[in-house]
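Notes for the one structure printed next.
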Amino acid sequence: MSTQMQQLYQQVILDHSRSRIGNAALLREGAAGPHGSSHQINPTCGDEIELEAEISDDGAIAVRWSGDGCSISMASASVLSELASENSVEGMLDIEAKFHELMHSRGTIVGDEEILGDAAAFSGVSKFPARIKCALLSWVAFKDALNQAQTSLKE
Amino acid sequence: MSTQMQQLYQQVILDHSRSRIGNAALLREGAAGPHGSSHQINPTCGDEIELEAEISDDGAIAVRWSGDGCSISMASASVLSELASENSVEGMLDIEAKFHELMHSRGTIVGDEEILGDAAAFSGVSKFPARIKCALLSWVAFKDALNQAQTSLKE
Amino acid sequence: MFSRLRNDFPILDTRVGESSLSYLDSGATSQKPQCVIDTFTEYYSQRNAAVHRGAHSLAVMATDAFEAGREAVADLVGGAPEQVVWTKNATEALNVVALGIDRASHGFGGEAAQCFSLGPADSIVVTEMEHHANLVPWQQLAQSTGAQLRWLPVTDAGELDLSDLESIVDETTKVFAFTHVSNVLGTINPVDTLVARARQVGALVVLDACQSVPHMPVNFVDLDVDFAAFSAHKALGPTGLGTLWGKTDLLNSLPPVLTGGSMITTVTMEDSAFMDAPQRFEAGTQPVAEVAAFTTAVNYLAEVGLEKIFDHERELAGVLLDGIAKIPGITVLGAADNRIGTVAFDVDGVHAHDVGQYLDSQGVAVRVGHHCAQPLHRRFGVTATTRASTYLYNNTEDCEQFLAALAEVRPFFGVQ
Amino acid sequence: MFSRLRNDFPILDTRVGESSLSYLDSGATSQKPQCVIDTFTEYYSQRNAAVHRGAHSLAVMATDAFEAGREAVADLVGGAPEQVVWTKNATEALNVVALGIDRASHGFGGEAAQCFSLGPADSIVVTEMEHHANLVPWQQLAQSTGAQLRWLPVTDAGELDLSDLESIVDETTKVFAFTHVSNVLGTINPVDTLVARARQVGALVVLDACQSVPHMPVNFVDLDVDFAAFSAHKALGPTGLGTLWGKTDLLNSLPPVLTGGSMITTVTMEDSAFMDAPQRFEAGTQPVAEVAAFTTAVNYLAEVGLEKIFDHERELAGVLLDGIAKIPGITVLGAADNRIGTVAFDVDGVHAHDVGQYLDSQGVAVRVGHHCAQPLHRRFGVTATTRASTYLYNNTEDCEQFLAALAEVRPFFGVQ
Ligand SMILES: Cc1ncc(COP(=O)(O)O)c(C=O)c1O
Ligand SMILES: Cc1ncc(COP(=O)(O)O)c(C=O)c1O
Numbered sequence: 027m028s029t030q031m032q033q034l035y036q037q038v039i040l041d042h043s044r045s046r047i048g049n050a051a052l053l054r055e056g057a058a059g060p061h062g063s064s065h066q067i068n069p070t071c072g073d074e075i076e077l078e079a080e081i082s083d084d085g086a087i088a089v090r091w092s093g094d095g096c097s098i099s100m101a102s103a104s105v106l107s108e109l110a111s112e113n114s115v116e117g118m119l120d121i122e123a124k125f126h127e128l129m130h131s132r133g134t135i136v137g138d139e140e141i142l143g144d145a146a147a148f149s150g151v152s153k154f155p156a157r158i159k160c161a162l163l164s165w166v167a168f169k170d171a172l173n174q175a176q177t178s179l180k181e
Numbered sequence: 027m028s029t030q031m032q033q034l035y036q037q038v039i040l041d042h043s044r045s046r047i048g049n050a051a052l053l054r055e056g057a058a059g060p061h062g063s064s065h066q067i068n069p070t071c072g073d074e075i076e077l078e079a080e081i082s083d084d085g086a087i088a089v090r091w092s093g094d095g096c097s098i099s100m101a102s103a104s105v106l107s108e109l110a111s112e113n114s115v116e117g118m119l120d121i122e123a124k125f126h127e128l129m130h131s132r133g134t135i136v137g138d139e140e141i142l143g144d145a146a147a148f149s150g151v152s153k154f155p156a157r158i159k160c161a162l163l164s165w166v167a168f169k170d171a172l173n174q175a176q177t178s179l180k181e
Numbered sequence: 270m271f272s273r274l275r276n277d278f279p280i281l282d283t284r285v286g287e288s289s290l291s292y293l294d295s296g297a298t299s300q301k302p303q304c305v306i307d308t309f310t311e312y313y314s315q316r317n318a319a320v321h322r323g324a325h326s327l328a329v330m331a332t333d334a335f336e337a338g339r340e341a342v343a344d345l346v347g348g349a350p351e352q353v354v355w356t357k358n359a360t361e362a363l364n365v366v367a368l369g370i371d372r373a374s375h376g377f378g379g380e381a382a383q384c385f386s387l388g389p390a391d392s393i394v395v396t397e398m399e400h401h402a403n404l405v406p407w408q409q410l411a412q413s414t415g416a417q418l419r420w421l422p423v424t425d426a427g428e429l430d431l432s433d434l435e436s437i438v439d440e441t442t443k444v445f446a447f448t449h450v451s452n453v454l455g456t457i458n459p460v461d462t463l464v465a466r467a468r469q470v471g472a473l474v475v476l477d478a479c480q481s482v483p484h485m486p487v488n489f490v491d492l493d494v495d496f497a498a499f500s501a502h503k504a505l506g507p508t509g510l511g512t513l514w515g516k517t518d519l520l521n522s523l524p525p526v527l528t529g530g531s532m533i534t535t536v537t538m539e540d541s542a543f544m545d546a547p548q549r550f551e552a553g554t555q556p557v558a559e560v561a562a563f564t565t566a567v568n569y570l571a572e573v574g575l576e577k578i579f580d581h582e583r584e585l586a587g588v589l590l591d592g593i594a595k596i597p598g599i600t601v602l603g604a605a606d607n608r609i610g611t612v613a614f615d616v617d618g619v620h621a622h623d624v625g626q627y628l629d630s631q632g633v634a635v636r637v638g639h640h641c642a643q644p645l646h647r648r649f650g651v652t653a654t655t656r657a658s659t660y661l662y663n664n665t666e667d668c669e670q671f672l673a674a675l676a677e678v679r680p681f682f683g684v685q
Numbered sequence: 270m271f272s273r274l275r276n277d278f279p280i281l282d283t284r285v286g287e288s289s290l291s292y293l294d295s296g297a298t299s300q301k302p303q304c305v306i307d308t309f310t311e312y313y314s315q316r317n318a319a320v321h322r323g324a325h326s327l328a329v330m331a332t333d334a335f336e337a338g339r340e341a342v343a344d345l346v347g348g349a350p351e352q353v354v355w356t357k358n359a360t361e362a363l364n365v366v367a368l369g370i371d372r373a374s375h376g377f378g379g380e381a382a383q384c385f386s387l388g389p390a391d392s393i394v395v396t397e398m399e400h401h402a403n404l405v406p407w408q409q410l411a412q413s414t415g416a417q418l419r420w421l422p423v424t425d426a427g428e429l430d431l432s433d434l435e436s437i438v439d440e441t442t443k444v445f446a447f448t449h450v451s452n453v454l455g456t457i458n459p460v461d462t463l464v465a466r467a468r469q470v471g472a473l474v475v476l477d478a479c480q481s482v483p484h485m486p487v488n489f490v491d492l493d494v495d496f497a498a499f500s501a502h503k504a505l506g507p508t509g510l511g512t513l514w515g516k517t518d519l520l521n522s523l524p525p526v527l528t529g530g531s532m533i534t535t536v537t538m539e540d541s542a543f544m545d546a547p548q549r550f551e552a553g554t555q556p557v558a559e560v561a562a563f564t565t566a567v568n569y570l571a572e573v574g575l576e577k578i579f580d581h582e583r584e585l586a587g588v589l590l591d592g593i594a595k596i597p598g599i600t601v602l603g604a605a606d607n608r609i610g611t612v613a614f615d616v617d618g619v620h621a622h623d624v625g626q627y628l629d630s631q632g633v634a635v636r637v638g639h640h641c642a643q644p645l646h647r648r649f650g651v652t653a654t655t656r657a658s659t660y661l662y663n664n665t666e667d668c669e670q671f672l673a674a675l676a677e678v679r680p681f682f683g684v685q
């Protein structure tokens, strides 16, 4: 087995792809606080995700999602949900930017585990250009949904 | 000067291209007997010809044409007009078929001067695929016009 | 013979990491023999020029090469050279027909094009197993003309369900467009039956021959279709070239879609007149080097023999299907007997993208996703599958390398 | 430098009969340097696969090559990679815009496409010097939408007559399409003035850059055009590839014309949704090897430098024009100072076809005919001309070989 494959499919990714954090029924119109939702699709393989982000009064973020896709995309959504429950809005925006950069690094940078948590395990993905979109799918949905939530917060 | 060029531009062709037999005002609606007319165009270079063929009571054919084109196409129309004045309808159809065959021979056959007259001088043209259309332009018009004339003769 | 000709394909010697390459993605695009590759070098070093223009010697040689291609294709699929129209790919070829009908329905092409005109009382029929290239253009045509879009469903066995053929293809049907061979299931469709029904109701038949022409003997005249489309790149030829084949009178009355140079007779500032087929549909500078290379490819295929290629691939299909049946947790989509060497499957518990990634790590190139056939995948309750597809250069070892790797997929991802 | 790089073009060593080849037909299509030819061999031997699909290694390499091409082109002409859409030729690129507007005018593309919608109260403006590729599609659009087609005339000097610019391009004008450089006269048009007028009336600007991009520095962002089109084959690249460049928001709202695989997001049997540009306009398998080869060509051009190429060709244009002026009975069409090395002329008493044939017998390759610009020829009172056109690989000897042969044309045909 090539080490590239082991780097791509790290145990933490395989684990997240099986027990998926945040993978829960969507609330849709029933969501309580300021929230947003986004539906993203990867046209190449048909992977899709629908994700809701909600900001509660104390600034905490809750993420719920439902989707269908490969282990990379499902694990990524799970890791994202975990991080969202542990970080502030600003923290998540920072993580999102760093994750984005990591994915486009083609293996030239190593993810900072302090900041990225389990998302650092995705550094191997950046060497597989065809899989970068898989890893980013939920993050694109999250950024969109969070943006909506922030907007409705300001209103 | 290559011999191919001399074969292409035989003196008889250059002569016909300058003093053009049959190059005369078209009669249009004023034509007397059973007649036909045809307008042909070579889209590649814009060469065009308008040709009238008329069959008189004694079976003689008269050809008039007006056109604009290269020496090959003009000479061909001139030679055609000359032949038409010397041959019967059947004779011209035979000549047309033989000329067509000669043009598509890529230099493998020699035109029979007995039958083709000056048109036999076009055998060199068949080695220049880009010029075959030039040589055939007036003949296509003639065949079309003659066909119309024959039809109106039968009516 | 087939073991020898494998050496003609330089890319098959590629190493993928520590493995040799087992290329089982010819359904997407085929690899090229050295003679086809060499044609590019030869063409651009010796006879490159604009065709159908200019009197100079290079232009004459280029034009000869360009027109010889039509003859080679006509020899392969039937009909006359002028029935062969060059396009950029099969997708363009199908669009030329659909959009030509669209234009005819909006008054273009005059009297002669009236036979193509569609309206709200008419229907267009496709099938549920179409590639998007033979579905989306017809959806667009239906939207543009108000015609109704209908389709033949697919059975669990991966065959066309013909039980309602007579009510689906009925007197309102003006166009019946279907694929000869499914690019997902490998199923060879009963063209005869479908054409016969189309003739009963007077519908035009448009055949998507992308997956048949490269893999089996096909004659469009014998099949009696009106239009057919296929791509060079799936048949040992280059990218950037496709073919639209059509009946001469239909081609000459179909309004052209792309307009410009080299397809006109007279142009004034106000108006233009168009040439007959094939030039009618070949606006602008054409893929001449590609035609030269494809001519080499077609001659290569003819020399090997499509009948033999078909038999060879059926043998490989047997190896693939038998081998897959022995691996637990794999479900093949469709099970048609009458098939080519294309096999799409679902691996229980592992997403196709991950399956493909694992196979690649073992040197096996397959395709994953919906293979441009989303409705068909939806019909089988999946969003993506893994597809192995063979060609003349594949051998039993390729299949075994694939099967060995496939057996390891579920263990690798910890699924049992 | 220019004398050295000539050796990069193998075809230039061709002998025509007893003469060496003087290739002066680059306005029709350019010859290719060895590195571009080699790219085909390299691509098909090492990384041929379907792009944007499949996880396997070959597919990743092919996709990289395909996308790198957009970056190279964006570096050459300005803008971002996603503003670069691949087409089969420049003609398709211009048609994609004209037919996209046609579809928008017939309700396709929804709200976002409304900005493109044309009707009988609108006008489209072109010029009298357009290549058929930038004329016929607009005629078709005018016919389809009822919009009026207008044009800027050409002066005896072969320049655009701008005296009535304000009345021809007016408040009704929705599209203003014109060529950057005339393929017959060689004239470089004043894009700034034309764009400024278009901006005043809010018209879309479509630039035919076929004869500018290969021969001079061009930046579409600086020129502030909305869409631009050019061909790879005229710029050292392969046949079978063109480029449509557009402003991002316009590309993303223009309805696609060719539909099918790889340009959709979701497809059901009933309906489909389309991707953003560039994929939006790239239905089906793309000319991937051609993109790889064109990337090599663009890098080659960039290395030589378009500024230097422009100067080199202006020098050759001087040699041609000065030499022709000394030969009796030759009339050059147009006399613009601001020009490239393209010179079309009439030989008194000898038809262009015969001129070209004689020149070919002396090893000189030129183009004869109407050069896909019938209205322009009509304006100058001729049906056909002979055209000599230069490129970076030409030298003074090529021009002299041409001039020597041209001087013999009238004597050969017995005209004085
Ligand atoms: C000015 C101009 N526009 C458009 C075209 C059409 O380009 P293509 O034939 O590559 O589509 C050409 C060349 O033929 C041209 O010179
Ligand atoms: C059945 C079928 N139809 C149409 C196409 C489209 O062909 P292309 O992508 O060459 O246009 C393909 C291949 O992609 C196919 O397999």
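Residue numbers (my numbering), protein chains in the order written: chain A, 27 to 181; chain B, 27 to 181; chain C, 270 to 685; chain D, 270 to 685. Every residue gets a Cβ at the ideal spot worked out from N, C-alpha and C, and that includes glycine.
- Taking 3 residues as the shortest admissible run, the segment 490-525 of chain C contains the following complete beta strand (DSSP E) segments, listed from N- to C-terminal end: 496-500, 511-515.
- Beyond the five residues adjoining it in sequence on each side, G150(B) comes within less than 6 Å, by CB distance, of Q33, L34 in the same chain, given in chain order.
- Nearest Cα to Q315(C) within the set M330(D), A334(D), Y292(D), R316(D): Y292(D).
- Under the three-state reduction of DSSP output, K153(A) falls in the helix class.
- Setting aside the 5 residues that flank it on each side, E428(D) is surrounded in the same chain by T456, A605, each with a C-beta closer than 6 Å to its C-beta; the list follows chain order.
- In the DSSP assignment, V678(C) falls within the unbroken alpha helix (DSSP H) covering 665-681.
- Chain-order list of chain A residues neighbouring H321(D): T70, by C-beta distance under 7 Å.
- Excluding residues up to 5 positions away in sequence, A57, G59, H61, A88 lie with their Cβ nearer than 6 Å to the Cβ of E80(B) in the same chain.
- Annotation: Cβ neighbours of T535(C) in chain B (cutoff 7 Å, chain order): I67.
- Here E181(A) is exposed. Its C-beta has fewer than 16 other C-beta atoms within 10 Å.
- Bridge pairing for N68(B): D73(B) [DSSP].
- Taken in chain order, the members of the segment 412-436 of chain D whose beta-carbon sits within less than 8 Å of a beta-carbon on chain C are Q412, S413, L418, W420.
- Between G506(C) and A561(C), the beta carbon gap of about 10 Å keeps them out of contact (Cβ cut-off 8 Å).
- Using a Cβ distance threshold of 7 Å, M538(C) and E551(C) do not count as a contacting pair.
- DSSP places I135(B) in no beta strand (DSSP E); its state is neither H nor E.
- When beta bridges are read from the DSSP output, F447(C) appears opposite L476(C).
- In the DSSP assignment, the residues bridged to E78(A) are S63(A), R90(A).
- Placement of the Cβ of Q480(D) at a distance of less than 6 Å from at least one heavy atom of ligand 1 is found.
- If you check each beta-carbon in the segment 652-670 of chain D against every beta-carbon of chain B, the ones closer than 7 Å belong to T652, A653.
- Closer than 6 Å to some heavy atom of ligand 1: that does not describe the Cβ of T134(B).
- Identification of residues in the segment 149-163 of chain A having a C-beta nearer than 9 Å to some C-beta of chain D yields F154, P155, A156, R157, given in sequence order.
- Within chain A, P69 have C-beta atoms less than 9 Å from the C-beta of M544(D), given in sequence order.
- Spanning the alpha carbons of E399(C) and C479(C) requires a straight line of approximately 11 Å.
- Taking a C-beta distance under 7 Å as the contact criterion, G369(C) and P597(C) do not qualify as a contact pair.
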